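S.K.: Heads up: the sequence shown begins at 513 in the working numbering, then just goes up one per residue. Think of the CB as a built atom: it goes at the ideal place given N, C-alpha and C, for glycine as much as any other residue. Owing to the predicted nature of the structure, the values given are computational and were not obtained by experimental measurement. I'd like to ask some things about the structure below.
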Amino acid sequence: MERYFNTTSACDKRLHYTLPPEERLPGLDRLIDRRLYFVLYAPRRTGKTTAMWAFAQRLRDEGRAVAVYATLEASQGVDAVADAEPLWIRAIGRASAGQLAADLRPSLEIPAVVPGDRLATWLSAWCQQLAGQPLVLLLDEADVVTGPAMVSLLRQLRSGFTERLHERFPASVALIGLRDLRDYLVKAKDARALNPGSPFNVKAASLTLRGFTVEDVGRLVGQHTADTGQRFDPQAVERLWWWTRGQPFLVNALAGLCVDDLVPDRGQPITAAHVDQASQRLIRARTTHLDSLSERLRDPEIAAIILGEGAQSVDSSTRSWE
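Rendered as structure tokens:
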């Protein structure tokens, strides 16, 4: 089966043209080696899931940690701590079932303690079960947790931070979402700012994914050339970057349109004109992800991340996709 340019899910190098995701996230290994907690934030369709899934896999393969990637999206809109905690525990437990050997997986039984301490108790029991092997949790969709549940989640993670040095709590935890921690903490408190030292003052860093460079785009489409013989002209590569500013979803979407729809003959090269034509098709199609990206561009902080430019570019860049 021929690999393709992926726009729908996390990338798998067996199926998709993809670049090593951790290249756009320098410093991850240092955070894990130092047993630190951190935040990863970036807009949708920028490669967060691909990066974190691959990172967890590498940590396991290298024997450095019992690493689990999980998503907290099932608790979206569940503000009550007593209702949210079982959802977090089950989500992490189910994820571990697909990623870890049986003897490393936690129990799915909810601890018989008061709400507000059940997640921390469960994590502590799991870590003691691992008998000295460090546990790394990469928790995606963390910013869909809201209200008292969000505050409780952060406080419980903070409560065991010191214990991580004695293998009685996760060695490292990453909270992954669309926004930095300070933004959804304010949201969790109904737009009232929290004490800046609470409830997650153990966070060591806030990271974000950079977009593709022109060189990255060239390497990505170069995989298609290596697999099929169909080349992208240098001007086409530059045009791909010009239209997208390296936003991964858009790069893959335009490249995919070029090779699948506009020039399916692998003996014909992709030109800058083909990329321009693909961009107009994508704009007219108004795909779900494109509409979502356009809406996100109205947020100056998110636009600056996507475009690699200042917020003054937001209005004109948004209009160009509308």
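Which stretch, first to last residue, makes up the alpha helix (DSSP H) that contains A568?
M.R.: Segment K560 to D573, the alpha helix (DSSP H) holding A568.
S.K.: Anyone know if the C-beta pair for A683 and P660 falls short of 7 angstroms?
M.R.: no
S.K.: Use the C-beta contact count for S619: other C-beta atoms within 10 angstroms, 16 or more gives buried, fewer gives exposed.
M.R.: With fewer than 16 other Cβ atoms within 10 Å, it is exposed.
S.K.: If you follow the alpha helix (DSSP H) that T633 is in, where does it begin and where does it stop?
M.R.: R630 to Q641
S.K.: When you compare each of E597, L612 and V787 to A632 by their alpha carbons, which one comes out closest?
M.R.: E597
S.K.: List the endpoints of the continuous alpha helix (DSSP H) containing G659.
M.R.: G659 to S671
S.K.: Please classify F550: does DSSP put it in a helix, a strand, or coil?
M.R.: strand
S.K.: Per DSSP, F744 forms a beta bridge with which residues?
M.R.: I782
S.K.: Of all the alpha helix (DSSP H) runs that stay within the bounds of the region 570-604, which reach a length of 4 or more residues?
M.R.: none
S.K.: Run the CB neighbour count on N713, radius 10 Å, all protein chains shown included, and call it buried at 16 or more, exposed below.
M.R.: exposed
S.K.: Under 7 angstroms between the Cβ atoms of A554 and T720?
M.R.: yes
S.K.: Could you spell out the range, first to last residue, of the beta strand (DSSP E) harbouring V685?
M.R.: Secondary structure note for V685: its beta strand (DSSP E) is the uninterrupted segment S684 to G689.
S.K.: Please classify L752 as buried or exposed, where buried requires at least 16 neighbouring CB atoms within 10 angstroms.
M.R.: By the 10 Å Cβ count, L752 comes out buried.
S.K.: Tell me, which residues are paired with S608 by DSSP?
M.R.: BP columns for S608 are empty, so no partner.
S.K.: What are the residues that DSSP puts in a beta bridge with K715?
M.R.: Y549
S.K.: Going by DSSP, which residues form a beta bridge with L769?
M.R.: Looking at the DSSP assignment, L769 forms no beta bridge with any residue, so it has no partner.
S.K.: Is it the case that the region 607-614 contacts the region 671-680, given that we only count it when at least three CB pairs across the two stretches are under 8 angstroms?
M.R.: As far as the Cβ criterion goes, the region 671-680 does not touch the region 607-614, which means the pair count is below three.
S.K.: Note down the Cα distance separating S832 from A790, rounded to an integer number of angstroms.
M.R.: Any reading at S832 needs caution, since the residue's pLDDT is 30, under 50, leaving its predicted position unreliable; the model's value is listed next. Straight-line Cα distance between these residues: approximately 14 angstroms.
S.K.: Can you give me the Cβ contacts of R691 inside the same chain, cut-off strictly under 6 angstroms, excluding the 5 residues immediately before and after it?
M.R.: Cβ-Cβ distances below 6 angstroms link R691 to Y553 and D655 in the same chain, with the five nearest sequence neighbours on each side left out; the list follows chain order.
S.K.: DSSP state of L651, grouped into three classes?
M.R.: The DSSP-derived three-state label of L651 is strand.
S.K.: Assign S521 to buried or exposed, taking buried as 16 or more other Cβ atoms, counted over all protein chains shown, within 10 Å of its Cβ.
M.R.: Exposed, since its Cβ has fewer than 16 Cβ neighbours within 10 Å.
S.K.: Do the CB positions of L649 and V593 come within less than 7 angstroms of each other?
M.R.: no
S.K.: Please report the Cβ distance between Q514 and D739, rounded to the nearest whole angstrom; I am assuming they are in contact, meaning their Cβ atoms lie under 8 angstroms.
M.R.: With the sequence shown as reference, residue 514 is identified as Glu, and Gln is not the correct amino acid for it. Confirmed, Cβ separation roughly 6 angstroms.
S.K.: Could you tell me whether the Cβ atoms of L669 and V657 are closer together than 7 angstroms?
M.R.: no
S.K.: When we look at the beta-carbon of V625 and count the other beta-carbons within 10 Å, is it buried (16 or more) or exposed?
M.R.: exposed
S.K.: From A637 to I601, what distance separates their C-alpha atoms?
M.R.: 12 angstroms
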